[in-house]
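Colleague: Quick one: this structure, given as structure tokens, is what I'll be asking you about.
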DNA sequence: CCGATATAAATGCAATTGCATTTATATATG
DNA sequence: CATATATAAATGCAATTGCATTTATATCGG
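Chains as they are written, first to last, in the working numbering: chain A, 2 to 146; chain B, 2 to 146.
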């Protein structure tokens, strides 16, 4: 019945626009450097965290907050590029493990400086450290479970 | 060269995840009510703001932060649904004006309670008013020009 | 007025995403 | 063990998005 308060609407609008604009900047920086999109970076990073054992697609989906079919297709594309590989999973015949390849590690390491520079330039430079910390905390608290 | 500071990365991660999760919730609420997506709401709202004169697609694109081709196609879809109409533009033969129809106003007004309720439930309820204001202010300052 | 350049909008085509369903295997229950 | 149910992953098809280019009209410099 009752509408959200004006501050709620203002914060929501700012959340949508700022996240979108920043994401665009970061994606643009990666593209300008001839590198894969951020979604690949995120996936490579999570997969690399489990480089010893590999990671199951359903676990990756949970960490990346992607839909199941999106994860399935993202994995296929990154496999096709040779940056990760599918390994048979002894425990569970329905699934498999995904592991990063040396080339995948190399690409992720190449992406990071570009990604990081974009974050510093477009985001970090705009707020003093204390306020960045405040912002992060508020955002985490605002995130639905 | 230098990486972003840890607080930067944490705030960035929180920005990406919170915005994505909240957007999902809002979109899900609209869909569950059998209503159009948020992109239609945003467009209808901006178009309705100029209900007297109509609005030019290039102006709409700037307000919605959409690419030109995205705006062109979004307009076509909303026109096809009968919620807006294209009007010949006397001033400029290259373009036209977009105006909301009565049905468009009706649909937008129907969407708002669902949209607002989702914002209250998933966002406003999670932070006290003062912190929502702080969050909005920080986000606006963090947004690149 | 004329050609050059800029701006508004649309579009062909490829890539990605969303939705619903399917396939395959695992787990639980009688 | 056999059947029912649940979980993991893939996929057909439609809708949307992205990219590059095209079309049309306007504006600018001579």
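We put the CB at the ideal spot given by N, CA and C, even for glycine.
Locate the beta strand (DSSP E) running through residue 86/A, then write down its first and last residues.
Modeller: Segment 85–89, the beta strand (DSSP E) holding residue 86/A.
Colleague: Suppose you measure from the CA of residue 130/A to the CA of residue 112/A; what does that come to, to the nearest Å?
Modeller: 24 Å
Colleague: Would a check of beta-carbon distances place residue 19/B closer than 9 Å to chain A?
Modeller: yes
Colleague: Does any residue of chain A bring its CB to less than 9 Å from the CB of residue 10/B?
Modeller: yes
Colleague: Using a Cβ-Cβ cut-off of 9 Å, state whether residue 113/B counts as contacting chain A.
Modeller: yes
Colleague: Just to confirm my understanding: we take residue 104/B, look at its own chain, exclude 5 residues before and 5 after, and list those with CB closer than 8 Å. What are they?
Modeller: 83 and 84
Colleague: Buried or exposed: where does residue 3/A fall if 16 or more other Cβ atoms within 10 Å of its Cβ makes it buried?
Modeller: exposed
Colleague: Taking Cβ-Cβ distances shorter than 9 Å, what residues in chain B pair up with residue 134/A?
Modeller: 8, 11 and 12
Colleague: Report back the beta-carbon spacing between residue 106/A and residue 46/A to the nearest angstrom; my notes put them in contact at under 8 Å.
Modeller: Not a contact, Cβ separation roughly 10 Å.
Colleague: By DSSP's criteria, residue 99/A is part of a beta bridge. Which residues make up the other side?
Modeller: 56/A and 87/A
Colleague: Does DSSP put residue 129/B in a helix, in a strand, or in coil?
Modeller: coil
Colleague: Roughly how many angstroms lie between the CA atoms of residue 74/A and residue 143/B, to the nearest whole one?
Modeller: Their Cα atoms are separated by approximately 33 Å.
Colleague: Where does residue 135/A sit, in a helix, a strand or coil, going by DSSP?
Modeller: Helix at residue 135/A.
Colleague: For residue 88/A, count the other beta carbons within 10 Å of its own beta carbon; 16 or more makes it buried, fewer makes it exposed. Which is it?
Modeller: Classification for residue 88/A: exposed.
Colleague: Shortest alpha-carbon distance to residue 116/B belongs to which of 8/B, 27/B, 23/B and 20/B?
Modeller: 27/B
Colleague: Using DSSP with H/G/I as helix, E/B as strand and the rest coil, what is residue 78/A?
Modeller: helix
Colleague: In the region 57–79 of chain B, which residues sit with their C-beta less than 9 Å from some C-beta in chain A, listed in chain order?
Modeller: 66
Colleague: Taking any Cβ of chain B, which residues in the region 115–127 of chain A have a Cβ under 7 Å from it, in chain order?
Modeller: 117, 120, 121, 123, 124, 125 and 127
Colleague: Between residue 140/A and chain B, is there a C-beta pair that is closer than 9 Å?
Modeller: yes
Colleague: Would residue 36/B count as contacting chain A if we go by Cβ distances under 9 Å?
Modeller: So no, residue 36/B is outside the interface.
Colleague: Does the region 5–21 of chain B come within contact of the region 117–125 of chain A, defined as at least 3 CB pairs closer than 8 Å?
Modeller: The region 5–21 of chain B vs the region 117–125 of chain A: in contact.
Colleague: For chain B, check one thing: does any of its Cβ atoms lie closer than 9 Å to the Cβ of residue 145/A?
Modeller: Yes, its Cβ sits closer than 9 Å to a Cβ of chain B.
Colleague: Identify the contact partners of residue 46/A in chain B, using a Cβ-Cβ distance below 7 Å as the criterion.
Modeller: For the C-beta of residue 46/A, not a single chain B residue is nearer than 7 Å; the gap to the nearest is close to 11 Å.
Colleague: Could one say the Cβ of residue 31/B lies closer than 9 Å to chain A's Cβ atoms, at least one of them?
Modeller: no
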